[in-house]
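Here UniProt numbering is used: the first residue of the sequence shown is 1, the next is one more, and so on. Where a beta carbon is used, it is the ideal one built from N, C-alpha and C, also for glycine. Fair warning: this is a prediction, and the values are worked out from it, not measured in the lab.
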Amino acid sequence: MQSLSYFSVVDGATLIPGSVNVTTNPTHGSVTIDPATGNITYTAAAGFAGTDSVGFTVADSDGLTSLPAYVSEIVTLPVALPATATTETGVAKTIAVLTGASSAAAPIDPTTVAVPTAPGHGTVSISPTTGAITYTSAAGFTGTDTFTYTVKDTNGIASVPATVSVVVDQPQAPDVTVSTPENTAVVIPITIQIPPSDSIVTTLVSITGGPSHGTATLNPATNAITYTPAAGFTGTDTLTYSAVDGSGAVSNTATVVITVLGPTNGTHDVVNPIAARTDAGTPVAVDVLSVDSSPVGLAPGTVTVQTAPANGTTAVNPTTGAITYTPAAGFTGTDSFTYSVDDNNNTSAGTATVTILVTAPRVIDTTGVTGPGQSVVIPVLTGDNNVDNAILPGSVTIVDPPAHGTTTVDPATGDVTYTADATFAGVDSFTYTATDTNHVVSNPARVTIISDQPGASDEFGTTDSGFPISIDVTANASDPAGSAAIVPSSVTILSGPSNGTATIAPDGTITYKSVFGFNGTDTMTYTIADNTGAVSNVGTITIVVNRPTATPDSATTPQNTPVVIDVAANDSDPDGNQFLVPTSITVTTEAAHGTVSVSGAGVVTYTPTAGFVGTDTFAYTIADAHGAISNPAVDTVTVTPAAAPVAANVAAAQASGTTPVTINLLSGVTQPAGASPLDPTTLTIVTQPADGTVTVDTTTGVATYTANGTFSGTDTFTYTVANKAGAVSNPATVTVPVLSLNQVHVQVAAASTGGGPQVNIYNLDGSVRASLFAYDPSFTGGVRVATGDLSGTGIPDIVTGPGTGGGPNVKVFNGTTGAVLASFFAFEPTFTGGVSVAVGDVTGAGYPDIIVGAGPGGGPAVKVFDGKTFAPIASFFAFDPSFRGGVSVAVGDLNGSGVDQIVVGAGPGGGPVVNIFNGAGQGQGSFFAFDPSFRGGVNVAVGDPNGSGVDQIVVGAGAGGGPQVDIVDGQTLAIQKSFFAYDASFTGGVQVATGFVNANAQPAILVGPGSGATLPVLAFDPSTLSQIATLNDPFGDFQGGVYVGGS
């Protein structure tokens, strides 16, 4: 291909042939470049057929390199044509099948002929040098045999298989009947019918069998057989013979019947066989007597047909004895009949056979070549023949029409015009017959048509805006008949171009010139024809009109900061970057989140909108000195935020009931290096808690969470915080485990002396939540009860001490499941005076301890047991060691120090003294709860029933006094309030505790009756001293008293 024809130059530069460079190699072949001319030679890969392409560039004398041009190469299949031949059975026939074979891409390679489909009735061999195929039929076969062949071109591309038809026939030896007198030899002439396919008419007759009653000799010069009967023999004798013609074909075996006449048959009369030929449908007169003889002469009027012909009729001329044979309509082939004749003595001279060969006109197969939608005239009668009569041109008849086209017959010449369908390309065929002047129809012959078309290739070129480029479309066009068949002046533009003009030169060159200023890709389509009038496929010409290339840029800038971008720095122009015009930069799409300004130096300045953070884009174009405008390039600007703080998730302490929990939100926030300080005022609750409320101290960053009281489980809320630069953190989650009021406030009651060891646990509404037996159900000494969170779950556990009559076995029960958490002896196991119990943190260790006091009968001992190990950690006497009235114990923070004190009350027999100790047993204060002369004992409890933040002491009179309850200030030890829990006449004593009742967890003083009456457990408002709740009667009609405890 002439590669330089695809390029043009501007500014007076010249193309350099030696600079041609292949940028895209073909997929199915290889290329070489002539450095002197720049021409590119394409060689297809072996076996490839189809479309391949190659891309290449060239440089000019200014040192500028073009954009790649792309040229398509169409590699077509070679064309193998059908062939016909005739031969005789057993005779080899060499067929030059490559006559007419062609290839547009490369020469035919004779050494590649192959036979993919073998003949059915013979064998073939292929000449390794010429590609001719020699066919030899099977012995004795006659008829039509076929096989197919293919051939490749020198590129290794194989053709479509083509069919070879071979008509096989043989010489015909006729049966003969003769007669001869006794003891008289007779000469028998033999006439062999030679097939029309044999151009060598000589034959060689051979006697193959007999005779039985005489001898037979052959004259090789005339092929006549002389038969001599045996002496004295009369009757019928036979012999057989066959013949070989000049081509070596062997005929059928024929029989000669000889009648040897006795004296009654006449003397020396001879009747000989005779043969004749005629055209189908044409009568023939046979002078049968011309080969007969008699010494006395033959009588023509006695000639009689003895055996009629099978395929015709006979008529005898009574004057001459000639027999006229007329073949049956349409019959061709060999027919025969016998006749007899008398001599002039009225004696039969004998019987002989007349053989007739009836022939028909013969037409032969032929071929034609055309293109899609094109016509070809085929002189089908050329080479057709008849022996005697001419074929009538007007008799040509299409028997089987073509599948992909139409035919018309010229009645004057018999020529057939075939027109292929408009889009058909391939092999088509039809059959025809012809009639001779006797109106005999020939054999059918097949005409094979190859419909192919020229190939128009797709072409590519590059040019500058407004500058012409010439493309020689004929250079890559192909045609089955070879490139010489292409007609350059037939080039026709079908469509386009859209952005320029195109002109066609007589040599087929198309010159394109774009509209000045246009840049981009323009296309047009064209066709080309060959010298048969066949029009090619539609080829596309693509022209790239050069323009500058604008390349996208990217930049990053901090929030609120302009950035300068040198957009022209990476732009280019195919004619050289010096042709770029920086002042032509135009913003075609504005930025969405900022502004873009253009300077004359090829740079732009992007200014983000105040506060914007994220990615923004804008588009621009640039032009060159020729006025060509580039593609729009999209520039991306990333505006980064100030460094933002990182907030971490926070796990808060457990919230109990409605008690607030504080969370330092800022403790989980980290700052990137160099970030501005956190701004607590920006703390924002993004998602509120579902089951509580949260408030934020924006000065300290501390959040306060308060549950709604009824919820238990896990509550969450999310928050963000910003730094002083305004960068907001991620949302972080605060998780708060929550216990409901009902879970954290537990009231308990147990029977006093005389009752079983049943302990009832109450809900806030006074209903029984659960019951358990602290000891063996048979134990009736009563149970002392207290509550405290010894398991660390936030839910109070139950602590029990036995009343009188049992060992000092203290037990701890899980406040949720009722399972035993601990069990130990507070004193010597033999001690049976009972144990009073209390729970509180008297060591400041951060968890509650168990405090026990000895009951009546023992010394006034008080012990402290560690709340985790349950080991004793302190022991002291609450009163004079000689006192045996027992000790009631309570625990509370009376001074607001965060560490609980131990409060003890004297049992029956002593004055109503209440002493206060720290956890080590050191005295902290003392007072008389009632009149010093009262000896019924004092029951004590500690709590903050009035919500002051400091615990108070609650005392109740023991048995023998009225049901008086006093509230004592925990610091001044002065009585603040006093009331009767039951009717003033009740003197059984009052057990006391502090706790919470009702759904809102209202603070209350709990009282249980001493012995002597069946009274309920009551709750009183510590402020108004009014009764606010009654706990379900836990023990029915039991009058032994009830111990109470609360949380």
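Among the options, nearest to residue i - alpha-carbon criterion
{"i": "threonine 307", "options": "Ile188, Ala254, Thr177, Ala285", "result": "Thr177"}
{"i": "aspartate 279", "options": "Gly947, Ala329, Pro912, Phe928", "result": "Ala329"}
{"i": "tyrosine 526", "options": "Gly500, Thr509, Ser495, Gly520", "result": "Ser495"}
{"i": "serine 19", "options": "Val416, Ser61, Phe870", "result": "Ser61"}
{"i": "leucine 1025", "options": "Ala1004, Gly1010, Ser1011, Pro1016", "result": "Ala1004"}
{"i": "alanine 105", "options": "Ile157, Ala139, Ser66, Ala69", "result": "Ile157"}
{"i": "alanine 822", "options": "Gly794, Phe870, Pro802", "result": "Phe870"}
{"i": "valine 903", "options": "Ser926, Pro327, Phe337", "result": "Ser926"}
{"i": "glutamine 758", "options": "Asp776, Thr208, Ala845", "result": "Asp776"}
{"i": "alanine 793", "options": "Phe233, Ile323, Asn730, Gly713", "result": "Going by the sequence as given, residue 793 is threonine instead of alanine. Among Phe233, Ile323, Asn730, Gly713, the Cα nearest to that of threonine 793 is on Gly713."}
{"i": "leucine 67", "options": "Gly248, Thr462, Ala352, Ser948", "result": "Thr462"}
{"i": "leucine 81", "options": "Asp452, Ala315, Asn344, Ser630", "result": "Asp452"}
{"i": "valine 837", "options": "Gly844, Ala861, Pro552, Pro829", "result": "Ala861"}
Reduced DSSP secondary structure (H/G/I, E/B, other) of residue i
{"i": "asparagine 742", "result": "helix"}
{"i": "serine 290", "result": "helix"}
{"i": "proline 1009", "result": "strand"}
{"i": "phenylalanine 831", "result": "coil"}
{"i": "glycine 266", "result": "At glycine 266, the pLDDT of 45 sits below 50, so the modelled position is not reliable; the number obtained from the coordinates is stated separately. Glycine 266: coil per DSSP, three-state reduction."}
{"i": "phenylalanine 579", "result": "helix"}
{"i": "glutamine 2", "result": "coil"}
{"i": "valine 915", "result": "Position check: residue 915 holds asparagine in this sequence, whereas valine was assumed. The answer is strand: DSSP assigns asparagine 915 an E or B state."}
{"i": "valine 567", "result": "helix"}
{"i": "valine 387", "result": "With a pLDDT of only 49 at valine 387, under 50, the local geometry of the prediction cannot be trusted, and the value read off the model is given with reservation. Valine 387 falls in the coil class under three-state DSSP."}
{"i": "residue 1049", "result": "Outside the modelled stretch of the chain, which goes from 1 to 1047, sits residue 1049, for which no answer is possible."}
{"i": "valine 201", "result": "Any reading at valine 201 must be qualified, since the residue scores a pLDDT of 49, below 50, and its modelled position is unreliable; the value itself is stated next. Here valine 201 sits in coil by DSSP."}
{"i": "leucine 666", "result": "helix"}
{"i": "serine 19", "result": "helix"}
{"i": "serine 137", "result": "strand"}
{"i": "alanine 230", "result": "coil"}
{"i": "serine 584", "result": "strand"}
N- and C-terminal bounds of the beta strand (DSSP E) containing residue i
{"i": "arginine 362", "result": "Counting along the chain, arginine 362 falls outside any beta strand (DSSP E), and DSSP gives it neither H nor E."}
{"i": "aspartate 880", "result": "That residue, aspartate 880, is in no beta strand (DSSP E); it is neither H nor E in DSSP."}
{"i": "isoleucine 798", "result": "797-802"}
{"i": "arginine 784", "result": "783-788"}
{"i": "threonine 89", "result": "Element bounds for threonine 89: n/a, residue is neither H nor E."}
{"i": "residue 1082", "result": "The structure shown does not extend to residue 1082, since the chain spans only 1 to 1047, so no value can be given for it."}
{"i": "alanine 941", "result": "938-943"}
{"i": "tyrosine 1043", "result": "1042-1046"}
{"i": "arginine 446", "result": "445-451"}
{"i": "leucine 218", "result": "214-218"}
{"i": "serine 791", "result": "No beta strand (DSSP E) holds serine 791; DSSP gives it neither H nor E."}
{"i": "arginine 277", "result": "274-279"}
{"i": "threonine 304", "result": "298-307"}
{"i": "residue 1050", "result": "The displayed coordinates of the chain run from 1 to 1047. Any statement about residue 1050 would go beyond what the structure contains."}
{"i": "valine 544", "result": "539-545"}
Close beta carbons around residue i, own chain, < 7 Å, minus the five adjacent residues each side
{"i": "glycine 833", "result": "Thr804, Ala854, Gly855, Pro856, Gly857, Gly858, Gly886"}
{"i": "serine 429", "result": "Pro402, Arg446, Val447, Thr448, Ile449"}
{"i": "aspartate 866", "result": "Asp849, Ile873"}
{"i": "threonine 319", "result": "Pro300"}
Chain-order list of residues whose beta-carbon lies under 8 Å from that of residue i (same chain, five-residue window excluded)
{"i": "valine 168", "result": "Thr86, Thr87, Glu88, Thr89, His121, Gly122, Ser137, Phe141, Thr142, Gly143, Thr144, Asp145"}
{"i": "glycine 692", "result": "Ala655, Tyr705, Thr706, Ala707, Asn708, Phe711, Asp715, Val736, Val738"}
Own chain residues within Cβ distance below 6 Å of residue i, not counting five before or after
{"i": "valine 201", "result": "Confidence at valine 201 is low in this model, with a pLDDT of 49, below 50, so its placement is unreliable and the value that follows should be read with caution. Within the same chain, valine 201 has close Cβ partners Ile194."}
{"i": "valine 702", "result": "Thr662, Asn664"}
{"i": "glycine 1046", "result": "Gln747, Ala993, Thr994, Gly995, Leu1006"}
{"i": "threonine 474", "result": "Ile486, Pro488, Gly508"}
{"i": "threonine 65", "result": "Thr57, Ala59"}
For this session: Indicate whether the contact test is met: 3 or more Cβ pairs, each with one atom in the stretch 148-157 and one in the stretch 230-244, closer than 8 Å.
Result: The answer is no - the stretch 230-244 does not touch the stretch 148-157, with fewer than three Cβ pairs under 8 Å.
For this session: State whether the stretch 747-766 contacts the stretch 674-684, with contact taken as three or more CB pairs (one from each stretch) at a distance under 8 Å.
Result: Touching, no, given that fewer than three Cβ pairs across the two stretches are closer than 8 Å.
Exercise. Taking one C-beta from the stretch 355-375 and one from the stretch 290-299 each time, how about it: are there three or more such pairs within less than 8 Å?
Worked result: At 8 Å Cβ cutoff, the stretches do not touch.
Exercise. Is it a yes or a no for the stretch 606-616 touching the stretch 535-544, going by three-plus beta-carbon pairs under 8 Å?
Worked result: No, the stretch 606-616 does not touch the stretch 535-544.
For this session: Spell out a yes or no on whether the stretch 905-917 and the stretch 932-940 are touching, meaning 3 or more CB-CB pairs, one atom from each, closer than 8 Å.
Result: Judged by Cβ distances under 8 Å, the stretch 905-917 makes contact with the stretch 932-940, as three or more pairs qualify.
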